[in-house]
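Everything on this sheet refers to the single structure shown next.
There are 2 protein chains.
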Amino acid sequence: MLSPKDYIEKNKDAFLNELIELLKIPSVSADPAFKDDVNAAAKVVKKSLLAAGCDTAEVCETPGLPIVYGEKIIDPKLPTVLVYGHYDVQPPDPIDLWTSPPFEPVIKKTDIHPEGAIFARGACDDKGQMFMHVKALQYMTETDNLPCNVKFMIEGEEEVGSVSLEWFLERNQDKLENDVILISDTGMISKDTPSITTGLRGLSYVEVEVTGPNRDLHSGLYGGAVANPINILNKMIASLQDEDNRITVPGFYDKVEELSKEERQKMAEAPFDLDEYKEHIGIPDVRGEKAYSTLERASIRPTLDVNGIWGGYIGEGAKTVIASKAYAKISMRLVPNHNWEEITELFKKHFESIAPAGVTVEVKPHHGGQAYVTPIDGIEYKAADLAFKDTFGKDAIPLRSGGSIPIVSLFEGYLKSKTILMGFGLNSDAIHSPNEHFGVWNFLKGIETIPYFYKHFTDLKTKS
Amino acid sequence: MLSPKDYIEKNKDAFLNELIELLKIPSVSADPAFKDDVNAAAKVVKKSLLAAGCDTAEVCETPGLPIVYGEKIIDPKLPTVLVYGHYDVQPPDPIDLWTSPPFEPVIKKTDIHPEGAIFARGACDDKGQMFMHVKALQYMTETDNLPCNVKFMIEGEEEVGSVSLEWFLERNQDKLENDVILISDTGMISKDTPSITTGLRGLSYVEVEVTGPNRDLHSGLYGGAVANPINILNKMIASLQDEDNRITVPGFYDKVEELSKEERQKMAEAPFDLDEYKEHIGIPDVRGEKAYSTLERASIRPTLDVNGIWGGYIGEGAKTVIASKAYAKISMRLVPNHNWEEITELFKKHFESIAPAGVTVEVKPHHGGQAYVTPIDGIEYKAADLAFKDTFGKDAIPLRSGGSIPIVSLFEGYLKSKTILMGFGLNSDAIHSPNEHFGVWNFLKGIETIPYFYKHFTDLKTKS
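As you go down the protein sequences, you meet chains A and B in turn. For the first sequence, UniProt numbering gives the first residue as 1, with consecutive numbering after it. For the second sequence, UniProt numbering gives the first residue as 1, with consecutive numbering after it.
Next comes the structure, spelled out in structure tokens:
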């Protein structure tokens, strides 16, 4: 029987070419202008599921963008793995900072990826990682090596909050029944340090708008006499964090889980080089909540970041104007046991309450999701760890991520199963940034490792 | 002899049509894309000066945009009036808020302007007001009524800081020799309350840039662990004003002239309706420096306003990003006895010093100018007051403006003469805003009043 490694060696060019074709489609869910491309990508995913060995695959309509569903049921008595991924991508802006166009994939060698990396929007997040699972299925079906049932649920709205996913889950609980959910949309520590993400932060994303005068004003004639919406917005946002970088929204920390000293000690053992971290993103210093380490600040503590801000004249040269309106997009990363809708309400109430006289303020909740923690003593985690041991020769490190995949806690609610986050991306892959890429080595390593998860999970599940 | 009023009655349609033609040209100095239009406007101004009776007129090249110079010298022994204005205009953004296109002038009736107002960018600031002087000259030459010499200096960079004007003044001091400078680029209190602007604020305009990581980062993976340039920029700008709305830049108020109780009392006598003021610009409340009235805050006190701010993702929908850079355009209005270059340096030093660890900050001075106060006991002011008395039947009110015309103090330095600011615009004309307009009545009233200034000034000057 051909090992995953050998199978991959024979087929890697084809795999890369197929992934490249998928990456060419600008499936940007945030922008309605790309609706046709999103639909085209869904069709390609469906085709690839059938080509990989699914008995059935379909593009399912939803109130929003389609969800692709595929399955191969070999025996109802065997366990079922449900693979989740997404075929939509982040907007590519700012485009002028890409060295090659975001939707013209090209393989380039880098220091971290001497075997080459595919540069394109979505290469890592999430098309590259999602596609590993499709190719892993292809390996298992073509070598008659599939130990259990498999279902695929690949959506098109992850980057905009998976707005239709709950609708889909609600209506398809039987269809989606499974014993474990597998997701590759996170990262590993490095190419020789596999990790399993055991925690995800929650998210609350809002848009705020401050309005002053009913039109832009001349800043000479009116400057000093009226509230300037931009100055006011700055004051309000600045007040949201104190000098210890703690968030000042009343009640924000009430439900935050404090990790035990032992857990924090264990986290501190994960390999982490602060100098390399700073050098890699070109910052002179880190900055965050007092009394927590960098890794802790980025995983087990909640945050508040302004993702975008604009108002007034932002073109070339000078314009002496007091803007009528100022805007910001603000998001908070949450931790257990925050309830994201509650936090959103707390934020909204607080922000609207601190608006000074002279302006009106509007807070528009956008989307969000709960934090999630996966138990490391379950067979799901064990199976993943054994798979990494097979292909990397060492145990995986349990890792709390700073990122959010809001639907993971939704899954547990509707489908009653745990999620395993086996990521093969690297922090340096620059997801959500210009020049996003995914290592060819990482892509192929994922395809190699995933079948071992199926093997071990089926063994452990059927024994138990 | 035909009075100005009668002459205007006969020629007003022609005057309006000529102004409309000039307003069609998008002479936006802030944007190099409009360079050809700026040059075209200069040519039209030159032609109009010759048509109005100038003996010579020329478009003078400068290191930047051209300055139009014209003159009619009738007798070197007579006084000389130098008219300054500008043919460049503010950018029209945001264009979608205009009810008619900014460069397609149209006359519409409004409540304040039942005789109609010309709606276009530059209608009031400054083409309409500048053109009053050209038509006033035409009246005086065609009715053989010009009592003294006249020179015109109409530049094309006022909206971007008049960068080439000092170069021009330095090289043409003899050519520009004059006894008084006349400018119409300010406003009057209302159509039945003429005013002469006796004070202008200074200006310091800077651009600031805060840089954090060397690329945009995923706000889940990095949120909480690194300084977010937008959050930081907000904090820094917020710190520039305290809870009394005083500017916190060290040394900022050291040279600020405090007006005497009597002067402040006199200012408070000017007609001003706070409810109307608030209603007119649609604000629930005014806001400004503690212990000063609205009029004082807008004229005799210095200010700090953010004119534009941007950073991160500002498009449709959500993007969970920590921006690499955040930017703002900030301007300060200054008062006697600020030195604008000194204030710019104070600001730059302070702003760069308050940058926290984790970011780098750059402050780029853009342009500026000194504040100016005109003496109300001189013959210049007297002549203007008498002219207003002739055409309005009442004295003008001396008014301290909040706006800046930085070159006025430059003029005094190079040409050794005072400037009289006779404005015919209204605050409601929305200069620098969408739907800028200029009342037909105001335009014609200016043409009517200006010749009386020439008459009285020549009388007073030759008698003294």
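For every residue, glycine included, the Cβ atom is placed at its ideal position computed from N, Cα and C. Just so it is clear, the structure is predicted and the values come from calculations on it, not from any experiment.
Proximity to residue i [Cα-Cα], best of the options
| i | options | result |
| --- | --- | --- |
| lysine 382/A | Gly53/A, Val134/A, Asp88/A, Asp459/A | Asp459/A |
| leucine 274/A | Glu243/B, Ala225/B, Asn427/B, Tyr313/B | Ala225/B |
| leucine 304/B | Tyr253/A, Gln265/A, Leu221/A | Leu221/A |
| lysine 109/A | Thr449/A, Thr99/A, Gly439/A | Gly439/A |
| glycine 116/A | Asp13/A, Asp126/A, Ile183/A | Asp13/A |
| isoleucine 8/A | Gln138/A, Thr56/A, Glu58/A, Tyr87/A | Gln138/A |
| valine 134/A | Thr360/A, Gly282/A, Ile450/A | Ile450/A |
| glycine 85/B | Ser162/B, Gly288/B, Glu269/B | Ser162/B |
| alanine 227/A | Lys325/A, Ala387/A, Leu97/A, Ala136/A | Lys325/A |
| isoleucine 131/A | Leu240/A, Lys46/A, Glu209/A | At residue 131/A the sequence reads phenylalanine, which differs from the isoleucine that was named. Checked all of Leu240/A, Lys46/A, Glu209/A; the closest Cα to phenylalanine 131/A is Lys46/A. |
| valine 59/B | Phe152/B, Asn145/B, Asn17/B, Pro101/B | Phe152/B |
| phenylalanine 252/A | Gly393/A, Phe351/A, Glu61/A | Phe351/A |
| threonine 99/A | Glu436/A, Phe457/A, Asn442/A | Glu436/A |
| glutamate 18/A | Ile112/A, Leu49/A, Glu177/A, Gly315/A | Leu49/A |
| glutamate 448/A | Asp254/A, Ala387/A, Asp125/A | Ala387/A |
| serine 404/A | Met1/A, Tyr372/A, His366/A | Tyr372/A |
| asparagine 11/B | Lys77/B, Thr344/B, Ala136/B | Ala136/B |
| lysine 349/A | Leu240/A, Pro271/A, Tyr313/A | Leu240/A |
| tyrosine 87/A | Ala42/A, Glu276/A, Ile343/A, Lys72/A | Ala42/A |
Contact check, residue i vs residue j, beta carbons under 8 Å
| i | j | result |
| --- | --- | --- |
| proline 105/A | alanine 123/A | yes |
| leucine 426/B | serine 190/B | yes |
| threonine 374/A | threonine 186/A | no |
| threonine 391/A | tyrosine 454/A | no |
| serine 464/A | threonine 320/B | no |
| leucine 82/A | isoleucine 181/A | yes |
| aspartate 174/A | threonine 80/A | no |
| histidine 338/A | proline 302/A | yes |
| isoleucine 107/A | leucine 23/A | no |
| alanine 268/B | serine 299/B | no |
| valine 249/A | phenylalanine 347/A | yes |
| isoleucine 407/A | glycine 378/A | no |
| valine 208/B | valine 363/B | yes |
| tryptophan 340/A | glycine 202/A | yes |
| glycine 315/A | alanine 323/A | no |
| histidine 456/B | valine 206/B | no |
| aspartate 126/A | glutamate 177/A | no |
| methionine 1/B | threonine 143/B | yes |
| isoleucine 73/B | asparagine 149/B | yes |
Anticipated Cβ contact below 8 Å, residue i with residue j, distance rounded
| i | j | result |
| --- | --- | --- |
| leucine 217/B | serine 401/A | Actually they are not in contact, since the Cβ atoms of leucine 217/B and serine 401/A sit about 14 Å apart, beyond 8 Å. |
| isoleucine 25/A | aspartate 37/A | 5 Å |
| leucine 65/A | glycine 156/A | 4 Å |
| leucine 410/B | leucine 165/B | 7 Å |
| residue 469/A | isoleucine 309/A | What is shown of chain A runs 1 to 464, which leaves residue 469/A out entirely. |
| glycine 53/B | threonine 141/B | 3 Å |
| alanine 57/B | glycine 70/B | 3 Å |
| phenylalanine 424/A | serine 184/A | 6 Å |
| isoleucine 30/B | alanine 318/A | Residue 30/B is actually alanine in this sequence, not isoleucine. Indeed they touch by this definition, with Cβ atoms about 7 Å apart. |
| glutamate 289/B | aspartate 244/B | 7 Å |
| isoleucine 196/A | leucine 399/A | 7 Å |
| valine 256/A | valine 335/A | 6 Å |
Under the three-state DSSP convention, the category residue i falls into
| i | result |
| --- | --- |
| methionine 188/A | coil |
| residue 467/B | The displayed coordinates of chain B run from 1 to 464. Any statement about residue 467/B would go beyond what the structure contains. |
| arginine 215/B | coil |
| isoleucine 431/B | coil |
| glutamine 138/A | helix |
| glycine 220/A | coil |
| proline 4/B | helix |
| lysine 128/A | Residue 128/A is actually glycine in this sequence, not lysine. Residue state, collapsed to three classes: helix. |
| phenylalanine 272/B | coil |
| isoleucine 73/A | coil |
**Q.** Within 9 Å of chain E by C-beta, residues of the stretch 126 to 144 of chain A in sequence order
**A.** Here the protein chains are A and B, and chain E is not one of them.
Q | Touch test, the stretch 165 to 177 of chain B against the stretch 85 to 94 of chain B, Cβ-Cβ under 8 Å, three pairs minimum | A | By the criterion of at least three beta-carbon pairs nearer than 8 Å, the stretch 165 to 177 of chain B is not in contact with the stretch 85 to 94 of chain B.
Q) Is the stretch 197 to 216 of chain A touching the stretch 421 to 435 of chain B, taking contact as three or more C-beta pairs under 8 Å? A) Flag = yes, the stretch 197 to 216 of chain A and the stretch 421 to 435 of chain B touch.
Q) Contact between the stretch 229 to 242 of chain B and the stretch 355 to 368 of chain B: three or more CB pairs below 8 Å? A) With the cut-off at 8 Å, the stretch 229 to 242 of chain B and the stretch 355 to 368 of chain B touch.
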